[in-house]
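Novice: Have a look at this one.
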Amino acid sequence: MKSCVVRLVPLFWWGMVAKCLSELISVSVTFTQGLLLWAGYLMWAVAAVLLAITAVHECRLKWLARRAREVTHGR
418 MKSCVVRLVP
428 LFWWGMVAKC
438 LSELISVSVT
448 FTQGLLLWAG
458 YLMWAVAAVL
468 LAITAVHECR
478 LKWLARRARE
488 VTHGR
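When you number the sequence shown by the working numbering, it's gap-free, plus one each residue, and the end is 492.
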């Protein structure tokens, strides 16, 4: 889970930076604002996917460890 956090923190941070920058730009550059906003959403989505992958991986490891114990100890 620690490696997941190491990957998630920068993604959330850069997502917040992109969102804040999109809010701070008050000139009529709607394309840049939209691009920054979608970049933030994309980073949040990637972070969520990485979190889900890590959760599935950890559940799978626990299941395999439990299965190995059952096989070696003979239920």
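C-beta: ideal position from N, C-alpha, C; glycine also.
Quantities reported herein were computed from a predicted structural model and do not represent experimental measurements.
With distance defined between alpha-carbon atoms, name the residue in Gly-457, Ala-464, Ala-469, Thr-447 nearest to Cys-437.
Specialist: With distances taken between Cα atoms, Cys-437 lies closest to Gly-457.
Novice: Leu-459: buried (16+ other C-beta within 10 angstroms of its C-beta) or exposed?
Specialist: Leu-459 is exposed by the Cβ-count criterion.
Novice: Should Phe-429 and Ala-485 be called a contact, given that it needs their Cβ atoms to be closer than 8 Å?
Specialist: Not a contact, by the Cβ cut-off of 8 Å.
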